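Student: Read left to right, the sequence shown gives residues 1428 to 1585 (my numbering).
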Amino acid sequence: EKLEVTANSRGQILKSGEYPTNSIFYVPPISLPEGPVNVGDTWTMQASWLSLEEMVPFQIDMVSILKNVWTCGDDRCAEVEVSAQVDVQGPVNQNMAFRSVWQGKMYFALNAGTVVWSRVDSEESLTTANGLSKPACEALPPSKDTVTLAPTAASVAR
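(1) Mapping DSSP to helix, strand and coil, what is T1554?
(2) Rounding to the nearest angstrom, what Cα-Cα distance links R1437 and G1467 in this structure?
(3) Can you check DSSP and say which residues form a bridge with V1508?
(4) Identify the residues that DSSP records as bridge partners of I1487: which are they?
(5) With DSSP collapsed to three states, give me the class of I1457.
(6) Pick out whichever of M1489, S1545 and Q1521 has its Cα sitting closest to the Cα of S1527.
(7) Thinking C-alpha only, which one of S1443, N1538, V1513 and G1531 is nearest V1483?
(8) Nearest CA to the CA of V1507: which residue from I1487, P1460, Q1473 and S1475?
(9) Less than 8 Å separating the beta-carbons of W1476 and I1440?
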């Protein structure tokens, strides 16, 4: 499946396929500062969207910190630490407790204007008004095991 996305020089999404502008497809994939920054500087990003099916309102609050600038081949890369929290907004929040926390790092090639490496770990949990909860999902450290992702014969037969 192909999704054509148009963004401006600040990474803000101007067009994302045929999706509505209030969908997650219009949330910038990275947070870029308003202007030049120095090592140690911090900037923030806040974005809101509605889930496509249930129209549940979400909001992300992200903090980015320029940690260092490195030489990356012929380019220079900004090492950026990111942390974020996603919350459910409005009256829906009274019926459930949703928690999503992100923490990670990216290397952004300054001349190329692109992310060359990133890793973000996240943890999510959801507890409904009746006390039922879905277990938190947590990113695991990279494994050296080789795995095959394919449906089993039993799941295909269903």
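Glycine included, C-beta positions come from ideal geometry on N, C-alpha and C. Bear in mind the structure is a predicted one, so any value in this text is a computation, not a measurement.
Tutor: With the structure as the only source:
(1) strand
(2) 20 Å
(3) The amino acid at residue 1508 is misidentified as Val; the sequence shows Glu. Answer is I1492 and K1532.
(4) A1474 and V1513
(5) coil
(6) M1489
(7) V1513
(8) P1460
(9) no
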